[in-house]
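Numbering (full-length UniProt numbering), first residue to last: 1 to 800.
Written out as structure tokens, the structure is:
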């Protein structure tokens with residue numbers, strides 16, 4: 001039987017080739033759903049959209065935590081790099097749930113490190129301030145906040161040095177050549193310890209300290225053998241930073257209660273780290289250990305000796321002594337253990353000094369640095385001090401001289417060439433002579449006076465601003481002339497009465513013995529408008545004017561021929577009103593100025609951190625403003641009561657109520673608002689104090705001492721120059737005085753007390769404008785004052 005040979009495997013058809021050989025129409029068609037044919041759509045999580053939960057937040061919490069551990073950094077993060085480059089995980093910008101969970105893990109477990117620059121608190125405050133408040137609380141749970149110390153502390157800026165030694169001691173009791181750098185480092189470390197317990201966002205943060213003594217090599221350390229350099233570096237760091245300096249300015253309340261305990265606790269942590277670094281150094285170098293410690297002697301801990309000294313110092317403070325907080329006290333032990341001390345002292349001296357310190361500690365007496373011995377003025381050690389002081393003295397003298405010349409010139413300048421501007425004081429000359437019914441004789445008195453007036457105006461003599469006016473301007477009514485004087489249209493008016501010439505001729509012709517020369521002319525004025533102007537400038541010139549008029553219009557048959565009846569519409573009386581409208585208002589400025597220094601310590605109690613948390617800054621501003629306004633209300637009331645005490649009338653109205661009649665002096669000053677006069681007078685003083693005082697407060701917060709005194713001089717002189725003396729006869733430079741606060745107070749006081757032409761609305765408006773502007777600047781100045789305090793800005797020569 002013949003068997004056909006089988007087909008080799010390599011020649012057989014594959015499944016793929018068979019499928020291609022089958023007709024396309026004979027194959028079974030598989031229908032794929034449309035949703036499977038579409039490309040999958042990715043769900044994009046946008047970190048910027050934090051208003052609603054993202055899809056990631058829908059995952060179970062266990063999975064989210066695993067994702068956080070995978071995404072968030074696990075390596076050590078340097079704080080300086082984070083702050084400089086603003087490095088933050090992107091998860092902190094997602095929705096609130098993710099942001100909070102990621103922040104809890106990031107800020108609560110990440111290892112943050114920084115160098116010695118963290119002891120300069122400004123750097124650390126910038127980092128903490130950049131962290132949101134709700135995330136900042138997680139840092140309190142982090143036990144990996146580490147400060148790596150590789151060498152000496154960084155040197156603070158001169159202004160920061162001034163702030164530090166002003167806070168913790170008196171640098172002038174420290175010999176600068178030897179202990180001053182140590183004192184600055186001591187103050188810097190003490191400030192760090194105090195900050196760790198006093199600031200709200202730094203409270204409860206736990207800091208770790210590591211000493212990498214091999215890395216911090218300085219020139220002084222480089223001189224040591226290689227095996228001993230780490231030991232020398234630790235010694236140098238201890239010498240320069242844990243050295244207490246005696247100071248009489250460190251009061252008991254600076255190191256008491258919680259603050260004292262927090263400082264002590266933080267510094268003990270630093271010393272524990274030093275102990276650990278020291279032990280590690282000894283254990284890793286057994287060949288070096290025998291050079292430092294005798295055989296069989298254990299290492300005495302620095303911590304125990306230092307803690308003993310701190311307890312002794314604090315117990316002395318609790319007994320009421322004004323002594324320093326002694327933080328060092330281990331220099332003797334340190335020098336005893338470290339070989340090669342090069343200060344020229346023997347080991348016996350070190351041991352003797354150490355035992356003396358220990359005995360003092362056991363007896364309860366804190367270690368004190370000796371007070372420098374006073375020296376004479378010509379001592380060579382004071383040469384640089386004398387040069388610096390003399391330079392500052394010369395600069396100060398030059399500045400004060402320039403200030404005197406500039407500011408006092410404002411007061412003197414008010415009267416500069418005042419005689420050339422007296423013509424600005426307007427005086428009306430109105431001739432009613434020759435009017436009907438008497439018209440038989442040609443007028444003589446009126447034309448003579450007007451002609452004399454014109455001659456005076458044409459001459460170069462000093463004269464007032466006489467203005468010849470027609471009776472028609474006043475409707476041929478002399479009462480209207482009086483009304484214009486009351487309305488401040490002019491300072492005074494000369495009126496030649498109707499038929500003055502006819503009455504004079506009639507007296508000559510008939511020998512009329514009843515003829516009254518004073519009926520010929522009138523002088524209308526009101527000296528309470530400005531008594532200084534009237535009596536110093538106007539009255540002398542008007543007296544000369546009336547004398548000349550009488551001599552020119554006097555016939556030989558009648559002597560005197562004419563006279564002037566004087567009508568003072570609002571006399572300045574009583575004279576106790578002079579302080580109320582002039583010199584006494586200077587004290588209104590002074591009271592409002594010095595109230596700032598009285599109330600500022602009271603306001604600062606709200607930010608005193610000794611016994612309570614500080615008040616929020618914006619609420620402190622609101623409190624200060626409200627308290628200042630309330631104080632001004634009562635201070636202005638007391639100021640107003642002084643005028644009542646000296647019997648200035650505030651209640652009784654004058655029987656003469658007409659604006660064109662002379663008020664009766666027997667009833668006192670004619671008040672303007674009857675029984676409401678005193679409340680209005682009080683409110684005028686109050687708003688005047690607001691305008692004057694708030695400006696003083698703002699400037700005081702900006703410039704500080706001692707420039708506040710110079711500001712007071714400027715403020716008083718500019719206000720007095722434009723208020724007590726008429727701006728009309730001052731140079732044109734002084735036109736700004738119309739808007740100055742005291743000018744409105746003076747003008748308003750005269751109107752209230754003497755019933756003058758009312759411009760009280762304008763006066764109150766100017767004062768309110770000043771108060772509004774100063775109120776708007778008040779919070780800005782408060783912020784600027786806080787900015788200066790935090791950064792140690794000096795307004796004057798720093799004490800260095």
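Cβ atoms here follow ideal geometry from the backbone N, Cα and C, with glycine treated the same way.
{"Asked": "Rounded to the nearest angstrom, what separates residue 106 and residue 388 at their Cα positions?", "Found": "53 Å"}
{"Asked": "Look at the alpha carbon of residue 586 and the alpha carbon of residue 421, and state the distance between them as a whole number of angstroms.", "Found": "27 Å"}
{"Asked": "Please report the residue range of the alpha helix (DSSP H) in which residue 417 lies.", "Found": "First-last for residue 417: undefined, no H or E at that position."}
{"Asked": "With distances taken Cα to Cα, identify the nearest neighbour of residue 457 among 441, 651 and 429.", "Found": "429"}
{"Asked": "Along the chain, where does the beta strand (DSSP E) that runs through residue 429 open and close?", "Found": "426–431"}
{"Asked": "In three-state terms, what does DSSP make of residue 146?", "Found": "strand"}
{"Asked": "Determine the direct distance from the alpha carbon of residue 694 to that of residue 685, and round the result to whole angstroms.", "Found": "14 Å"}
{"Asked": "CB residue 572 to CB residue 528, shorter than 8 Å?", "Found": "yes"}
{"Asked": "Going by beta-carbon coordinates alone, are residue 410 and residue 116 separated by less than 8 Å?", "Found": "no"}
{"Asked": "Taking the C-alpha atoms as reference points, what is the distance between residue 56 and residue 66?", "Found": "13 Å"}
{"Asked": "Taking the alpha-carbon of residue 763 as reference, which of 755, 751 and 772 has the nearest alpha-carbon?", "Found": "751"}
{"Asked": "I'd like the ranges of any beta strand (DSSP E) spanning at least 3 consecutive residues and lying wholly in the segment 588–650.", "Found": "none"}
{"Asked": "Between residue 137 and residue 113, which are expected to be in contact by the criterion C-beta below 8 Å, what is the C-beta distance as a whole number of angstroms?", "Found": "Actually they are not in contact, since the Cβ atoms of residue 137 and residue 113 sit about 21 Å apart, beyond 8 Å."}
{"Asked": "So, using beta-carbon positions, are residue 110 and residue 144 closer together than 8 Å?", "Found": "yes"}
{"Asked": "Can you grab the Cα-Cα spacing for the pair residue 778 / residue 715, in whole Å?", "Found": "18 Å"}
{"Asked": "Span of the alpha helix (DSSP H) holding residue 682?", "Found": "677–703"}
{"Asked": "In this structure, does DSSP put residue 465 in helix, strand or coil?", "Found": "strand"}
{"Asked": "Is the separation between the beta-carbon of residue 465 and that of residue 496 shorter than 8 Å?", "Found": "no"}
{"Asked": "When the Cα atoms are used, what is the spatial distance from residue 108 to residue 613?", "Found": "25 Å"}
{"Asked": "Do residue 468 and residue 448 have their beta-carbon atoms positioned less than 8 Å apart in this structure?", "Found": "no"}
{"Asked": "Check whether the segment 678–692 touches the segment 630–637, counting contact only when three or more Cβ pairs, one atom from each stretch, lie closer than 8 Å.", "Found": "yes"}
{"Asked": "Would a C-beta distance cut-off of 8 Å place residue 424 and residue 747 closer than the cut-off?", "Found": "no"}
{"Asked": "Starting from residue 711, trace the alpha helix (DSSP H) both ways and give me its first and last residue.", "Found": "707–723"}
{"Asked": "For residue 771, is the classification buried or exposed, using 16 other Cβ atoms within 10 angstroms of its Cβ as the cut-off for buried?", "Found": "buried"}
{"Asked": "For the beta strand (DSSP E) that contains residue 441, what are its first and last residues?", "Found": "Here residue 441 belongs to no beta strand (DSSP E), and DSSP marks it neither H nor E."}
{"Asked": "On the CB-based measure, 16 or more other CB atoms within 10 Å of its CB, does residue 626 come out buried or exposed?", "Found": "exposed"}
{"Asked": "When burial is assigned at 16 or more other CB atoms within 10 Å of the CB, is residue 98 buried or exposed?", "Found": "buried"}
{"Asked": "With distances taken Cα to Cα, identify the nearest neighbour of residue 525 among 508, 487 and 599.", "Found": "487"}
{"Asked": "Provide the residue span of the beta strand (DSSP E) that contains residue 114, from first to last.", "Found": "112–114"}
{"Asked": "Relative to the alpha-carbon of residue 504, which residue among 792, 530, 442 and 546 has its alpha-carbon at the smallest distance?", "Found": "442"}
{"Asked": "Where do the N-terminal and C-terminal ends of the beta strand (DSSP E) with residue 568 fall, by residue?", "Found": "564–568"}
{"Asked": "For residue 182, count the other beta carbons within 10 Å of its own beta carbon; 16 or more makes it buried, fewer makes it exposed. Which is it?", "Found": "buried"}
{"Asked": "Is it right to say residue 618 is buried, meaning 16 or more other beta carbons lie within 10 angstroms of its own, or is it exposed?", "Found": "exposed"}
{"Asked": "What distance in whole Å lies between the Cβ atoms of residue 501 and residue 444, which are believed to be in contact at a cut-off of 8 Å?", "Found": "4 Å"}
{"Asked": "When the Cα atoms are used, what is the spatial distance from residue 155 to residue 276?", "Found": "26 Å"}
{"Asked": "What is the DSSP secondary structure of residue 533, counted as helix, strand or coil?", "Found": "helix"}
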